[in-house]
Amino acid sequence: MLTSSSLSKTSVLRLSTYIHRQLNRPYFASTQTVLGIETSCDDTGCAIVDSNAKVLSETLFSQNIVHLRYGGVNPTVARDLHRDNIELAVSTAIQNSKIEVQNVNAVAVTVKPGLLASLQIGVKYGMFLAKKYNKVLIPIHHMEAHALVARMFHTINFPFIALLISGGHCLLCLVRDVNDFILLGETLDNAPGEILDKMARRLKLRNIPDYSKFPGGRAIELAAGSANKLDYFHFPVPMARVRDCNFSFSGLKNAFDKHLAAKEFNHGILGDEIIPEVNELCASFQMAIVQHIIQRTERAIKFCELNNFITSDNKTIVVSGGVACNNFIFKHLQLLGNDFGFNVVRPPPKVCTDNGVMIAWNGIEKMKKKLSFKKVTLNDVDPAAALGVNISKRVAAAGIQVKLRKIKHL
Ligand code: KG4
Ligand code: ZN
-5 MLTSSSLSKT SVLRLSTYIH RQLNRPYFAS TQTVLGIETS CDDTGCAIVD SNAKVLSETL
55 FSQNIVHLRY GGVNPTVARD LHRDNIELAV STAIQNSKIE VQNVNAVAVT VKPGLLASLQ
115 IGVKYGMFLA KKYNKVLIPI HHMEAHALVA RMFHTINFPF IALLISGGHC LLCLVRDVND
175 FILLGETLDN APGEILDKMA RRLKLRNIPD YSKFPGGRAI ELAAGSANKL DYFHFPVPMA
235 RVRDCNFSFS GLKNAFDKHL AAKEFNHGIL GDEIIPEVNE LCASFQMAIV QHIIQRTERA
295 IKFCELNNFI TSDNKTIVVS GGVACNNFIF KHLQLLGNDF GFNVVRPPPK VCTDNGVMIA
355 WNGIEKMKKK LSFKKVTLND VDPAAALGVN ISKRVAAAGI QVKLRKIKHL
């Protein structure tokens, strides 16, 4: 039997050093963990995710209810709420993860694009954490994170097509690698979530108790689901004859306003009253949005296939961003995908909207790729950052014709 008396003094010292190292070694040496911080718009999110795609903890302070009152995100209010919540969001995530913050491998933070003052709050906090615990700080592009987080939940190889639809963005891109994005087209004016939120406010959907707590897009989806007819109101599909992958939603917004004003006038609607055709208006509006999105996505598929950007054994479209939560839109995208042999996938709804998980995961992807990172400063904050290499003109020059699809009740 081994007794302490049978060990030399140096062996005991070596053994105790070994035990000390084992106890203090970073949580599971081969598993990497990243703490991610998201504050680009109106959600303060933090999460700790590991390289096995396991979420160790996550926190999300959503400002949605506050901004519902303004009918859109108020930047000053958003900044103040991020400032109030960031400390709690991060400390709660650390506490719930059951690992020591010293043991995470890196901190990742959204640096672009988004609201300047909101981004700055997250980046300042990320810089503070990284300095305090001597960690690498990984700068994250919010839209890249929306696209790549789908790989946490589905087996998706590069390259794949991504359709990112949210309150601040609308774009189609080809994702060739963790740090290699090709922009095929983007919105020329509003984002779909932005106009859904505005239209929900104009319709006063928050006065209907069943919809009052939901973001505008979800409220419109629910109301549309109860409509008897999808095409009760006529909406012109935007840019139907323009052969590119860009988007435009401002015309739909104007058409919506005209239909609403006419019905309110006809019915003599006052104050908080709601037009009787509310469900039909939501359904026709949503249908026009779907037709527009589907037409651009079909062109992206055809363009990528024509140029051999996508291989026949790996045909995937990722749909992400808050508007990807919309089941009507998503199911029609799946129908489109079926026709071209594409698998259309999305992350779970709470990961489609803004969150810390996608930021932490993007940090993991960048670490796995062994990318190097220069020191992040506040100068890296870029509210209007573009995504990848823009080849939208090349897409337009290809002149690919795509007919509008008939949208069915599902
Ligand atoms: O990605 P996200 O959380 O924030 C941005 O980066 O913009 O997206 C928020 C947007 C809001 O405009 C909200 O109305 C929309 O996502 N949204 C939906 C649905 N759920 C959330 N839009 C349509 N249908 C939904 N079910
Ligand atoms: Zn987003």
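Residues -5 to 404 in our numbering are what the sequence shown lists, from first letter to last.
Heads up, the beta-carbon is just placed ideally off N, CA and C, and yes, glycines get one too.
Kindly provide the chain-ordered list of residues whose Cβ lies closer than 5 Å to any non-hydrogen atom of the ligand ZN. The answer, residue by residue, is SER160 and ASP348.
Do CYS164 and LEU381 have their CB atoms nearer than 8 Å? Remark: C-beta atoms of CYS164 and LEU381 do not approach each other more closely than 8 Å.
Under 8 Å between C-beta atoms of LEU246 and PHE208: PHE208 sits away from LEU246, with the two beta carbons spaced by 8 Å or more.
So what's PHE22 in DSSP terms, helix, strand or just coil? Residue confidence for PHE22 is low, a pLDDT of 43 falling below 50, so the modelled location carries little weight; the figure read from the coordinates is stated next. Of the three classes helix, strand and coil, the one that applies to PHE22 here is coil, per DSSP.
Residues bridged to SER51 [DSSP beta-bridge criterion]: Its beta-bridge partners are ILE42.
Bridge partners - SER56, DSSP secondary structure assignment: For SER56, which the question treats as bridged, DSSP gives the partners ASP37.
Can you check whether the CB of ALA72 is closer than 8 Å to the CB of CYS35? It is a contact, given that the beta carbons lie within the stated cut-off.
Thinking just about the alpha-carbon of each residue, which of ILE269, VAL284 and ALA111 is nearest to the one in GLY187? That would be VAL284, whose Cα lies nearest to the Cα of GLY187.
Would you say the beta carbon of LEU398 is closer than 7 Å to some non-hydrogen atom of the ligand KG4? No, the ligand KG4 has no heavy atom inside 7 Å of this Cβ.
Would you check whether the ligand KG4 has a heavy atom nearer than 7 Å to the C-beta of GLY162? For GLY162, the shortest separation between its Cβ and any heavy atom of the ligand KG4 lies below 7 Å.
For ASP191, verify whether its CB is less than 7 Å away from any heavy atom of the ligand GDP. Because the ligand GDP does not appear in the structure shown, any question about it cannot be addressed here, the ligands present being the ligand KG4 and the ligand ZN.
Short Cβ contact (8 Å threshold) for ILE42 with ALA87: Their beta carbons are under 8 Å apart, which means ILE42 touches ALA87 by this criterion.
Buried or exposed by the 16-neighbour rule on C-beta atoms within 10 Å, applied to THR81: Note that residue 81 corresponds to Glu in the displayed sequence, not to Thr. When all chains shown are included, GLU81 counts as exposed.
Quick check: what's the CA-CA separation for ILE59 versus SER306? About 44 Å.
What three-state label does DSSP hand GLN16 in the structure shown? The pLDDT assigned to GLN16 is 46, lower than 50, so where the model puts this residue is not dependable; a value taken from the coordinates is nonetheless given after this. The answer is helix: DSSP assigns GLN16 an H, G or I state.
If you measure between the beta carbons of LEU330 and ALA392, is that distance less than 8 Å? Contact flag unset, no.
Look at the alpha carbon of LYS144 and the alpha carbon of HIS136, and state the distance between them as a whole number of angstroms. In the sequence on display, residue 144 carries Ala and not Lys. Roughly 14 Å separates the two Cα atoms.
Restricting to Cα atoms, I'd like to know which of ILE401, GLY350, ASN184 and ASN273 is closest to GLN328. By alpha-carbon distance to GLN328, the top candidate from ILE401, GLY350, ASN184 and ASN273 is ILE401.
Output needed for ASN384: all residues of its chain with C-beta closer than 7 Å, excluding positions within five of it in sequence on either side, in chain order. If we look at ASN384 and ignore the five residues flanking it on each side, its Cβ neighbours are LEU177.
Quick one: does the C-beta of VAL143 sit closer than 7 Å to a heavy atom of the ligand KG4? Incorrect: VAL143 has no Cβ contact closer than 7 Å to the ligand KG4.
Do HIS76 and SER51 have their C-beta atoms within less than 8 Å of each other? Result no, Cβ atoms of HIS76 and SER51 do not sit closer than 8 Å.
Closest residue to ALA83 among ASP37, ASN68 and THR181 (Cα-Cα distance): Checked all of ASP37, ASN68 and THR181; the closest Cα to ALA83 is ASP37.
Outcome for ASP348 when other beta-carbon atoms lying within 10 angstroms are tallied against a minimum of 16: That one is buried.
When you compare each of ILE202, LEU404 and GLY350 to THR104 by their alpha carbons, which one comes out closest? By alpha-carbon distance to THR104, the top candidate from ILE202, LEU404 and GLY350 is GLY350.
Do three or more CB pairs link the region 264 to 275 to the region 201 to 218 at distances below 8 Å? A contact exists between the region 264 to 275 and the region 201 to 218.
Helix, strand or coil: how does DSSP classify GLY179 here? GLY179 falls in the strand class under three-state DSSP.
Identify whether MET(-5) lies in helix, strand or coil by the three-state DSSP scheme. Confidence at MET(-5) is low in this model, with a pLDDT of 38, below 50, so the placement of that residue should be treated as unreliable; the coordinate-derived value is given next. Collapsing the DSSP output to three states places MET(-5) in coil.
So what does DSSP say about ILE394, is it helix, strand or coil? If DSSP states are grouped into helix, strand and coil, ILE394 belongs with coil.
I want to check one thing, is the minimum distance from the CB of GLU188 to the heavy atoms of the ligand KG4 below 7 Å? Answer for GLU188: yes, Cβ within range of the ligand KG4.
Looking at the structure shown, is VAL389 part of a helix, part of a strand, or coil, going by DSSP? Note: VAL389 maps to helix in three-state DSSP.
ILE31 and GLY116 look like a contact to me (Cβ under 8 Å); what is the Cβ gap, rounded to whole Å? Indeed they touch by this definition, with Cβ atoms about 5 Å apart.
Rank PHE250, GLU292 and PHE147 by C-alpha distance to the C-alpha of ARG399 and give the top, closest one. Ranking the options by Cα distance to ARG399, first place goes to GLU292.
Leaving out five residues before and five after HIS403 in sequence, what residues of the same chain have Cβ atoms less than 7 Å from its Cβ? For HIS403, same chain residues with a beta-carbon under 7 Å away, outside a window of 5 residues either side, are LEU224 in chain order.
For ASP171, the residue or residues it bridges with in DSSP: Bridge partners of ASP171: ASP174.
Say yes only if the C-beta of ARG200 is nearer than 7 Å to one or more non-hydrogen atoms of the ligand KG4, and no if none qualify. Incorrect: ARG200 has no Cβ contact closer than 7 Å to the ligand KG4.
Proximity of VAL313 and ALA282 at Cβ, strictly below 8 Å: The answer is no: Cβ separation not under 8 Å.
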